[in-house]
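Asks:
Residue numbers (our numbering): 808 to 1363.
1. From this set, 1114, 1104, 1108, which residue's C-alpha is nearest residue 1092's C-alpha?
2. How big is the Cα-Cα spacing for residue 1130 and residue 1098?
3. Rounding to the nearest angstrom, what Cα-Cα distance links residue 1266 and residue 1216 in this structure?
4. Shortest alpha-carbon distance to residue 1027 belongs to which of 1042, 1329, 1238, 1052?
5. Taking residue 1220 as the reference, which of 1351, 1337, 1076, 931 has the closest Cα?
6. Look at residue 803 and residue 1012 and say whether their C-beta atoms are less than 8 Å apart.
7. Just checking, does the stretch 1198-1216 make contact with the stretch 1064-1079 on the three C-beta pairs under 8 Å criterion?
8. Out of 1254, 1208, 1137, 1248, which has the shortest C-alpha to C-alpha gap to residue 1218?
9. Quick one: is the Cβ of residue 1092 within less than 7 Å of any heavy atom of the ligand PLP?
10. Which residue wins for smallest C-alpha separation from residue 1003, given the options 1330, 1015, 1081?
11. Would you call the stretch 1157-1167 in contact with the stretch 1034-1047, where contact means no fewer than 3 C-beta pairs closer than 8 Å?
12. In three-state terms, what does DSSP make of residue 1278?
13. How about residue 1095 and residue 1118: do their beta carbons lie closer than 8 Å?
14. Write down the C-beta distance between residue 1194 and residue 985 rounded to the nearest angstrom, noting that I regard them as a contact closer than 8 Å.
15. Nearest to residue 1374 by CA position, among 1020, 1348, 1122, is which residue?
16. Which residues share a DSSP beta bridge with residue 1334?
17. Look at the alpha carbon of residue 962 and the alpha carbon of residue 934, and state the distance between them as a whole number of angstroms.
18. Give the single residue among 1326, 1088, 1204 whose Cα lies nearest to the Cα of residue 1069.
19. Can you check which of these residues, 1155, 1263, 1125, is closest to residue 1142 by C-alpha distance?
20. Would you mind sorting residue 1211 into buried or exposed? The rule is 16 or more other CB atoms within 10 Å of its CB.
21. Secondary structure at residue 1162, three-state DSSP: helix, strand or coil?
22. What three-state label does DSSP hand residue 962 in the structure shown?
23. DSSP three-state call for residue 1090: helix, strand or coil?
24. If we count the other Cβ atoms within 10 Å of its Cβ and call it buried at 16 or more, is residue 1223 buried or exposed?
25. Apart from the five residues on each side of it in sequence, which residues of its chain come closer than 6 Å, Cβ to Cβ, to residue 1065?
26. In chain order, what residues of the same chain lie with their CB nearer than 8 Å to the CB of residue 1214, ignoring the 5 residues before and after it?
27. Since residue 1122 contacts residue 1137 with CB under 8 Å, what's their CB separation in whole angstroms?
28. Can you give the Cα-Cα distance for residue 1346 and residue 1208, rounded to whole angstroms?
29. According to DSSP, simplified to helix, strand and coil, what is residue 1217?
30. Identify the residues that DSSP records as bridge partners of residue 988: which are they?
31. Does residue 831 pass the burial test, meaning 16 or more other C-beta atoms within 10 Å, or should it be called exposed?
32. Whose C-beta lies closer than 8 Å to the C-beta of residue 1133 among residues of the same chain, with five residues either side of it excluded?
33. Assign residue 1035 to buried or exposed, taking buried as 16 or more other Cβ atoms, counted over all protein chains shown, within 10 Å of its Cβ.
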C-alpha cells in the first residue's frame, strides 16, 4: 500500500509541476498582451499628435470627433475581447482540472479493481443518509489513511428503514450507473445542516454544522470553545466525521457533482486555500471581505458602517472600535483591510479552526500527520481561478437558476417535426419562467439528481419525447411510498431496474399523454409525453414532483 501511495504521490507531484508551469506561462502571456496593448495605444496617440500638428481649429475639432469615435470602437472591442477571454479562460481551466482528475480517477479505479475486483457497494438508508455516510467504512478508511476510497468508484444502494421478514432491510430497485451516486451527494448536503451527533465525551447532542444567525446565507462548522472562548479539542469521532465531510467535498469535486454554496462559502474555501494566502488585497478587495462577513451574520452590519465612516473621512475611529482589543491606533484606509481580516479570523475562523482543519485534511486527501504529503493537491488547481465567484462556479455550479439557464442546456430529441419540437420547447420554457428558483431546482434535481446546474462546458439535459419506463436508475414520477401523492394525478410507468420499460396508458404501447413525465438521472434525461396544452404539461410536471419524484429515485 505504501509503495502504491508513493507512485501516485509522484504522479500527483508531476501534475502539480506541470500546473505551475502552465500558471507561469499564463501570467507571462497576460503581461505580453498588456504590453502590446499599451504599445498600440501609445502608437495611436503619437499618430494623432503627428497628424494634428499645424491643423486649424476647425480641422482639430473634426479630428477630435474622429478620435473619440475610434476610442469608443476600441473600448467596445476591448470589452468584447476581455469577455471572450474570460469565457475561454474559464473553459480551459475547467478542462485542465478534469483532465488531471480523470487521470487520478483512472489510477484510483485501477487500484480499486485490483484489490477488490468490483466497485465498492455503499448501502444507505434514505431516512438516515448523513448518519450512514459518516459511519460507512469505505469513507472512514479514507479519512484515516486511504487513497482508494476517494479515487475509486462506488455503487450506491438505497435501503428502506423498515425490516422485512428475517430481519433484513429491503433494497430499492435501481442500478447505480451514476444517478444514485449523484442523488446520494444531493441528499447528504441537504440533510447535513440538521444532523445531530451524540458525543459521548461531551455527553450531549452536537450539530456538525450550524448557522451563526438564522438570517445567515452560509452554514459553518459548529464552534468548539471552552468557557473562556478559546478553541478546544474535539473528540476523535468528531475528527473523523469532519474528515469524511472533507472527503465528500473532494469526491464531489472529482466527480463533477456540485457542492452547495452555503457549505463551500468563502470562509471554508479560504481556509482550504490557506486563510492568509486567500485574503490579500491582490486577491480580494475590502468590499468582498465585508460581503463574506455579512453572509456569515448580517448583525455585523456595524463593522461595515465603521468602514464606510473611515472611507468618508472619519479620523476618530480606532482599531479598538472593531477588535475590542484596547488598541487605540487610529483606524485608516491604510490599515483597515488588515483589521477587518483579523476580525474575521478571530470571530469566525479561530473558534472553528479545529473542525476546519479536519475538513481540509479530508478534502486534500492527507495521509497520516500534518508533516506528510497531500494527494492530490486539489487546492493548487482551485487557486488557478481568479476570484471567489469563479471558484464557486467551478465547485458549486449555478444555483441561481433562470429559465433560460435550463432551456439553453436542454436538447430536444424524438419529435416528429421541427414545429412540434419548437412548440414543446416553447411551452416548457414558459412554464420554467413562471416557476420559482426553488421549483426550477426541483426540476433540475428530477432530471439530473443535482439541484445546481453543472459548470461543465457542453453539459446537456436530453428531453426525449416519451414516458414509458426506462432502464437503469430512473426517477419514476409515480413512485410509491410515503409521499404527498395526489390520487387524482395519473401515475407514470414504473422503471424497470436494468431493463426496458413496459407499456403505458393502455393504448397499445403508444406513449399516452395521460402519463406523468419521467427522468433518468444516470444520463440526465427527461422523458416528456406529448401533451395537448401548456397547462396540461405544467400540471403533469408539477404532479411528477409532488408524486414522490424527488424522494424515491428508481423505487417501485
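Note that beta-carbon positions come from the ideal geometry of N, C-alpha and C, so glycine has one too.
Computed from a predicted structure; not experimentally measured.
Replies: Taking the coordinates as given:
1. Counting from one through the chain shown, the residue named residue 1092 turns up at place 285. Among 1114, 1104, 1108, the Cα nearest to that of residue 1092 is on 1114.
2. In the chain shown, the residue the question calls residue 1130 occupies position 323. In the chain shown, the residue the question calls residue 1098 occupies position 291. Each residue's alpha carbon lies about 18 Å from the other.
3. For the purposes of this step, residue 1266 is taken as residue 459 along the chain shown, with counting starting at 1. For the purposes of this step, residue 1216 is taken as residue 409 along the chain shown, with counting starting at 1. When rounded, the distance between both Cα atoms is 7 Å.
4. In the chain shown, counting from the first residue as 1, residue 1027 sits at position 220. Looking at the Cα atoms, 1052 is the closest of the given residues.
5. The residue labelled residue 1220 in the question sits at position 413 within the chain shown. Comparing Cα positions, the closest option is 1337.
6. The first residue shown for the chain is 808 and the last is 1363, placing residue 803 beyond what the model contains.
7. Output reads yes: the stretch 1064-1079 touches the stretch 1198-1216.
8. As a first step, residue 1218 is located in the chain shown; it is residue number 411 there, counting from the start. Closest option to residue 1218, judged by alpha-carbon separation, among 1254, 1208, 1137, 1248: 1254.
9. This structure does not include the ligand PLP; it has no bound ligands of any sort.
10. By 1-based counting over the chain shown, the position of residue 1003 is 196. That would be 1015, whose Cα lies nearest to the Cα of residue 1003.
11. yes
12. Counted from its first residue, the chain shown places residue 1278 at position 471. Low confidence applies here, because residue 1278 scores a pLDDT of 35, under 50, leaving its location unreliable; read the following figure in that light. Here residue 1278 sits in strand by DSSP.
13. Here residue 1095 corresponds to residue number 288 of the chain shown, with the count starting at 1. Here residue 1118 corresponds to residue number 311 of the chain shown, with the count starting at 1. One thing to note: residue 1095 has its Cβ no nearer than 8 Å to the Cβ of residue 1118.
14. As a first step, residue 1194 is located in the chain shown; it is residue number 387 there, counting from the start. As a first step, residue 985 is located in the chain shown; it is residue number 178 there, counting from the start. Actually they do not touch by this definition, with Cβ atoms about 31 Å apart.
15. In this structure the chain extends from 808 to 1363, so residue 1374 is not present and cannot be described.
16. Reading the chain shown from its first residue, position 527 is the one you call residue 1334. Residue 1334 is bridged to 1271, 1325.
17. What you label residue 962 is simply residue 155 of the chain shown in a count that begins at 1. What you label residue 934 is simply residue 127 of the chain shown in a count that begins at 1. About 19 Å.
18. Locating residue 1069 in the chain shown gives position 262, where the first residue counts as 1. The residue with the shortest Cα to Cα distance from residue 1069 is 1204.
19. Taking the chain shown and counting its residues from 1, the one referred to as residue 1142 is at position 335. Ranked by how close their Cα comes to the Cα of residue 1142, the residues 1155, 1263, 1125 have 1125 in first place.
20. The residue given as residue 1211 occupies position 404 in the chain shown. Answer is exposed; the Cβ neighbour count stays below 16.
21. Indexing the chain shown from 1 puts residue 1162 at position 355. In this structure, residue 1162 counts as helix in the three-state DSSP scheme.
22. The residue given as residue 962 occupies position 155 in the chain shown. Of the three classes helix, strand and coil, the one that applies to residue 962 here is strand, per DSSP.
23. Stepping through the chain shown from its first residue, residue 1090 is reached at position 283. In the structure shown, residue 1090 sits in coil (DSSP, three-state: anything other than H, G, I, E or B).
24. As a working note, residue 1223 is residue 416 in the chain shown. Residue 1223 comes out exposed.
25. If you number the chain shown from 1, residue 1065 lands on position 258. Excluding sequence neighbours, residue 1065 sits near 1203, 1204, 1257, 1259.
26. Position 407 of the chain shown, counted from the first residue, corresponds to residue 1214. Closer than 8 Å at the Cβ level, and outside the excluded window around residue 1214, lie 1232, 1235, 1236, 1239.
27. Residue mapping note: residue 1122 aligns to position 315 of the chain shown, counting from 1. Residue mapping note: residue 1137 aligns to position 330 of the chain shown, counting from 1. 6 Å between Cβ atoms; contact.
28. As a first step, residue 1346 must be located in the chain shown, where it is residue number 539. As a first step, residue 1208 must be located in the chain shown, where it is residue number 401. Straight-line Cα distance between these residues: approximately 21 Å.
29. For this step, residue 1217 is matched to residue 410 along the chain shown. Looking at residue 1217 - three-state DSSP - the assignment turns out to be strand.
30. Here the question's residue 988 lines up with position 181 in the chain shown. In DSSP, residue 988 forms no bridge with anything.
31. In the chain shown, residue 831 corresponds to position 24, counting from 1. By the 10 Å Cβ count, residue 831 comes out exposed.
32. Position 326 of the chain shown holds residue 1133. Taken in chain order, the residues that qualify are 1127.
33. Position 228 of the chain shown, counted from the start, is the residue given in the question as residue 1035. So residue 1035 counts as exposed.
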